[in-house]
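This report concerns only the one structure given below.
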Amino acid sequence: MNCKAFITGVIAGAAAGHLINHYLLEPKTMSGDVILENVKEAFKKEGPIEGSWIQLKKQHYKKFAMDTFVYHGGITAIRDGEKKQFEFIADATTGTIIDIYLT
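Below, the structure is given as structure tokens:
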């Protein structure tokens, strides 16, 4: 085997390995906008909402054995005739709501 073909094969293999790792094995995150739309739809099932927000910068979150990245957001909703403020924490990878609370 000549040296040039060997080096070319090594470079091609390394590039392929990097692409496989980057696109297939690394966990992908959901868009914060998609997560916010999902939360809004869930809240609308129980009554009107007046506003919503989400921080689009993911933050590290560790609580007991849970160690992940999350988005923080909020919803202003009318419940029992009163305006109430809710905040939520959503897993950035799955979109699952980890916590929701009245503020």
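The letter at position 78 of the sequence shown is residue 78 when you use UniProt numbering, and the numbering goes up by one with no holes.
C-beta: ideal position from N, C-alpha, C; glycine also.
- Counting the other CB atoms within 10 Å of its CB gives G73 a total of 16 or more, which places it among the buried residues.
- Counting C-beta pairs with one atom in each stretch, the stretch 35–47 and the stretch 57–64 have fewer than three that are closer than 8 Å, which means they do not touch.
- Between F88 and D99, the beta carbon gap of about 7 Å places them in contact (Cβ cut-off 8 Å).
- Residue pairing by DSSP puts D91 in a beta bridge opposite V70.
- The criterion of a C-beta distance shorter than 7 Å is not satisfied by G47 and I75.
- In the DSSP assignment, K44 falls within the unbroken alpha helix (DSSP H) covering G32 to K44.
- DSSP places K62 in the strand class (E or B) of the three-state scheme.
- In the structure shown, the three-state DSSP call for G51 is strand.
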